[in-house]
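>
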Amino acid sequence: MLLRNLRLATMVQGRGYGLIDAGAVAIDGAHIRWAGAETDLPAEYRAQQEHDLGGRLVTPAPIDCHTHIVHGGNRAGEFEMRLEGASYETVARAGGGIVSTVTATRAAQEDELLASALPRVDALLAEGVATIEVKSGYGLDIETEARMLRVARRIADHRPLRVRTSFLGAHAVPAEYAGRADAYIDDLCIPALRAAHAEGLVDAVDGFCEGIAFQPDQIARVFDIAAELGLPVKLHAEQLSNLGGAALVAGRGGLSADHIEYLDSAGVDALARAGTVAVVLPGAFYTLRETQKPPIEALRAAGVPMAVASDCNPGSSPLTSLLLAMNMACTLFRMTPEEALAGITRHAARALGLEDCGWIAPGLRADLAVWDVAHPAELAYRIGFNPLHSRLFGGKIY
Ligand code: DI6
Ligand code: FE
451 MLLRNLRLAT
461 MVQGRGYGLI
471 DAGAVAIDGA
481 HIRWAGAETD
491 LPAEYRAQQE
501 HDLGGRLVTP
511 APIDCHTHIV
521 HGGNRAGEFE
531 MRLEGASYET
541 VARAGGGIVS
551 TVTATRAAQE
561 DELLASALPR
571 VDALLAEGVA
581 TIEVKSGYGL
591 DIETEARMLR
601 VARRIADHRP
611 LRVRTSFLGA
621 HAVPAEYAGR
631 ADAYIDDLCI
641 PALRAAHAEG
651 LVDAVDGFCE
661 GIAFQPDQIA
671 RVFDIAAELG
681 LPVKLHAEQL
691 SNLGGAALVA
701 GRGGLSADHI
711 EYLDSAGVDA
721 LARAGTVAVV
731 LPGAFYTLRE
741 TQKPPIEALR
751 AAGVPMAVAS
761 DCNPGSSPLT
771 SLLLAMNMAC
781 TLFRMTPEEA
791 LAGITRHAAR
801 ALGLEDCGWI
811 APGLRADLAV
821 WDVAHPAELA
831 YRIGFNPLHS
841 RLFGGKIY
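In my numbering, the protein residues as written are 451 to 848.
#1: Give the straight-line distance between the Cα atoms of E711 and R644, rounded to the nearest whole angstrom.
#2: Which residue wins for smallest C-alpha separation from K585, given the options G578, E577, T594 and V579?
#3: Please name the residue, chosen from M778, S537 and S706, that lies closest to P732 on a Cα-to-Cα basis.
#4: Quick one: what does DSSP say T615 is sitting in, helix, strand or coil?
#5: Using only the heavy atoms of the ligand FE, determine whether one of them is closer than 7 Å to the beta carbon of D653.
#6: Given the structure, does H521 come close to the ligand FE, in the sense that its CB is under 7 Å from one of the ligand's heavy atoms?
#7: Between which two residues does the beta strand (DSSP E) carrying E583 extend?
#8: In the structure shown, what three-state DSSP assignment does L679 receive?
#9: From the DSSP output, which residues share a beta bridge with C659?
#10: Between D656 and S715, which are expected to be in contact by the criterion C-beta below 8 Å, what is the C-beta distance as a whole number of angstroms?
#11: Quick check: L838 and G578, are their CB atoms within less than 8 Å of each other?
#12: What would DSSP say about P510, mapped onto helix, strand or coil?
#13: Can you tell me where the beta strand (DSSP E) with V730 in it begins and where it stops?
#14: So does H839 have its beta carbon nearer than 7 Å to some heavy atom of the ligand FE?
#15: Does the ligand FE have a heavy atom nearer than 7 Å to the CB of N777?
#16: Tell me which residues share the same chain as S766 and place their Cβ nearer than 7 Å to its Cβ, disregarding the 5 neighbours each side in the sequence.
#17: List the DSSP bridge partners of L456.
#18: Less than 7 Å separating the Cβ of A631 from some heavy atom of the ligand DI6?
#19: What does the Cβ neighbour count give for Q668, buried or exposed, with the cut at 16 atoms within 10 Å?
#20: Quick one: is E494 buried, meaning 16 or more other Cβ sit within 10 Å of its Cβ, or exposed?
#21: Looking at N836 and the ligand FE, is the gap between the Cβ and the nearest heavy atom below 7 Å?
#22: Candidates E528, S840 and L713: which alpha carbon is nearest R543's?
#23: Counting by C-beta, which residues lie closer than 6 Å to a heavy atom of the ligand FE, in chain order?
#24: Got a sec: does the ligand DI6 put a non-hydrogen atom nearer than 7 Å to the Cβ of I548?
#25: DSSP state of I794, grouped into three classes?
#26: If distances are taken between C-alpha atoms only, which option among A476, A573, L769 and A663 comes closest to V549?
#27: Quick one: what's S840 bridged to in DSSP?
#28: First and last residue of the beta strand (DSSP E) that includes G717?
#29: So, helix, strand or coil for H709, using DSSP?
#30: According to the Cβ coordinates, are I513 and L802 closer than 8 Å?
#31: Can you give me the C-alpha to C-alpha distance between G704 and E678, rounded to a whole angstrom?
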């Protein structure tokens with residue numbers, strides 16, 4: 451199949467957007483065979499099935515590398531509480547917050563969890579998303595953690611996209627372990643990780659390193675098991691305070707440190723040294739009305755790859771739009787539109803340890819988004835407007 455008469459933003463490393471006008475992409479099965487200017491197209495790639503894209507922009511398909519999209523219930527009530535003055539931490543300590551979603555998630559059957567997740571997935575798909583990461587972390591018991599990850603995997607049976615799963619047993623201390631976080635980690639979280647891994651449900655291991663969640667030494671014990679099982683790690687780090695979580699995950703050669711509003715220069719250096727991706731989540735920053743911004747300039751100066759994701763979750767980021775996340779990353783964090791696009795493509799792939807998607811080059815998956823825009827900066831610029839024309843997933847047009 452040949453896509454022609456299009457403008458390419460290849461997002462190839464080191465070339466900005468990698469813009470190619472009057473471009474073409476040759477696709478063989480699920481993969482890209484060739485991409486470049488149409489005048490350079492080798493005769494062998496002149497295909498039978500040609501699609502004239504009318505000059506539209508083609509980018510790598512967006513990747514949402516941080517979601518909690520599988521969960522029971524919603525927290526609109528807590529949204530109201532916060533508007534009446536309660537802080538996120540106050541809500542959490544009063545038994546609301548993550549723990550209230552745990553109650554709703556434990557009560558939901560697998561099919562219910564799937565049915566409630568699919569409309570949120572569809573909102574991401576409508577913007578061309580080809581890969582999503584989905585975390586557990588609202589079960590906090592062995593059975594429900596596994597159920598969440600089973601549901602996450604099943605999303606890919608129902609929709610044309612890829613799912614990568616992260617085990618997030620160390621997300622919160624459940625009520626039955628209140629005041630006994632160490633016992634929760636050793637007696638429940640680690641056995642739950644082993645059980646989910648034995649079922650083939652885990653692609654990576656995550657944690658929430660925070661005063662209202664787990665201390666670095668507790669996260670380190672979970673990471674020890676991840677290493678034993680051969681699983682990569684990532685971490686919710688420095689979201690509400692600085693506990694050195696980014697340095698911890700970087701020290702383990704982790705895929706990503708996520709949130710990082712309170713990251714300090716030692717943390718930036720640690721990420722740079724390890725090549726760990728900094729994932730910014732402006733939806734949570736916005737929802738919590740946080741004022742401390744992630745240190746974008748320092749990350750840029752240190753050459754740390756920055757990804758942007760939705761953090762889709764019922765509490766701190768009920769967001770199902772990567773386009774809006776890009777806009778927020780620019781307007782709130784002062785990232786450039788080019789950084790924001792790299793953040794939902796090349797760097798998002800890296801945050802998931804994927805090397806077969808995220809930019810446009812021969813051999814990579816033909817996961818592409820076709821947009822009704824002239825320039826890629828328009829993707830981050832608009833607010834609440836979706837210019838997706840069509841999407842390709844594994845070489846198939848949708
Ligand atoms: N940080 C977050 O922003 C989400 N999880 C986390 O560790 C919030 C999850 C929630 O409030 O339900
Ligand atoms: Fe999160």
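Backbone N, C-alpha and C define an ideal beta-carbon position, used for all residues, glycine too.
In terms of the structure at hand:
#1: Here residue 711 is taken as the residue at index 261 of the sequence shown, counted from 1. Here residue 644 is taken as the residue at index 194 of the sequence shown, counted from 1. Their Cα atoms are separated by approximately 31 Å.
#2: Counting from 1 along the sequence shown, the entry for residue 585 is found at position 135. Taking only the C-alpha atoms, the option nearest K585 is T594.
#3: To locate residue 732, count along the sequence shown from 1; it is residue 282. With distances taken between Cα atoms, P732 lies closest to M778.
#4: Locating residue 615 in the sequence shown gives position 165, where the first residue counts as 1. Looking at T615 - three-state DSSP - the assignment turns out to be strand.
#5: Your numbering for residue 653 matches position 203 in the sequence shown. No, Cβ of D653 sits at least 7 Å from all heavy atoms of the ligand FE.
#6: Translated into the one-based positions of the sequence shown, residue 521 becomes position 71. No; taking the cut-off as 7 Å, the Cβ of H521 has no heavy atom of the ligand FE nearer than that.
#7: Within the sequence shown, numbered from 1, the residue matching residue 583 stands at position 133. First-last of the beta strand (DSSP E) with E583: T581 to K585.
#8: Indexing the sequence shown from 1 puts residue 679 at position 229. It is helical.
#9: Within the sequence shown, residue 659 is the residue found at index 209, counting from 1. In the DSSP output, where bridge partners are listed per residue, C659 has F664 and A687.
#10: In the sequence shown, counting from the first residue as 1, residue 656 sits at position 206. In the sequence shown, counting from the first residue as 1, residue 715 sits at position 265. Not a contact, Cβ separation roughly 24 Å.
#11: The residue labelled residue 838 in the question sits at position 388 within the sequence shown. The residue labelled residue 578 in the question sits at position 128 within the sequence shown. Yes, Cβ-Cβ distance for L838 and G578 is below 8 Å.
#12: In the sequence shown, residue 510 corresponds to position 60, counting from 1. Strand, per DSSP.
#13: As a working mapping, residue 730 is identified with position 280 in the sequence shown. Start and end: V727 to V730.
#14: Here the question's residue 839 lines up with position 389 in the sequence shown. Not under cutoff, so the answer is no.
#15: Here the question's residue 777 lines up with position 327 in the sequence shown. No - the ligand FE has no heavy atom lying nearer than 7 Å to the Cβ of N777.
#16: Working through the sequence shown from its first residue, we reach residue 766 at position 316. Around S766: Y538, A734, T737 and L738.
#17: As a working mapping, residue 456 is identified with position 6 in the sequence shown. L456 is bridged to G473 and R506.
#18: By one-based count along the sequence shown, residue 631 stands at place 181. It does not: the Cβ of A631 is nowhere closer than 7 Å to a heavy atom of the ligand DI6.
#19: Locating residue 668 in the sequence shown gives position 218, where the first residue counts as 1. Its Cβ being crowded by 16 or more others within 10 Å, Q668 is buried.
#20: Position 44 of the sequence shown holds residue 494. Exposed: under 16 other Cβ atoms inside 10 Å.
#21: Taking the first residue of the sequence shown as position 1, residue 836 is located at position 386. Checking every heavy atom of the ligand FE against the Cβ of N836, none is found closer than 7 Å.
#22: By one-based count along the sequence shown, residue 543 stands at place 93. R543 has its Cα closest to that of E528, out of E528, S840 and L713.
#23: H516, H518, H686, D761 and N763
#24: Counting from one through the sequence shown, the residue named residue 548 turns up at place 98. Flag set: Cβ of I548 near the ligand DI6.
#25: Along the sequence shown, read from residue 1 onward, the residue named residue 794 stands at position 344. Coil, per DSSP.
#26: Here residue 549 corresponds to residue number 99 of the sequence shown, with the count starting at 1. The residue with the shortest Cα to Cα distance from V549 is A663.
#27: As a first step, residue 840 is located in the sequence shown; it is residue number 390 there, counting from the start. Looking at the DSSP assignment, S840 forms a beta bridge with V820.
#28: If you number the sequence shown from 1, residue 717 lands on position 267. Careful: G717 lies outside any beta strand (DSSP E), inside the alpha helix (DSSP H) at S715 to A724.
#29: For this step, residue 709 is matched to residue 259 along the sequence shown. Three-state result, H709: strand.
#30: Numbered from 1 along the sequence shown, position 63 holds the residue referred to as residue 513. Numbered from 1 along the sequence shown, position 352 holds the residue referred to as residue 802. Their beta carbons are under 8 Å apart, which means I513 touches L802 by this criterion.
#31: By 1-based counting over the sequence shown, the position of residue 704 is 254. By 1-based counting over the sequence shown, the position of residue 678 is 228. Straight-line Cα distance between these residues: approximately 14 Å.
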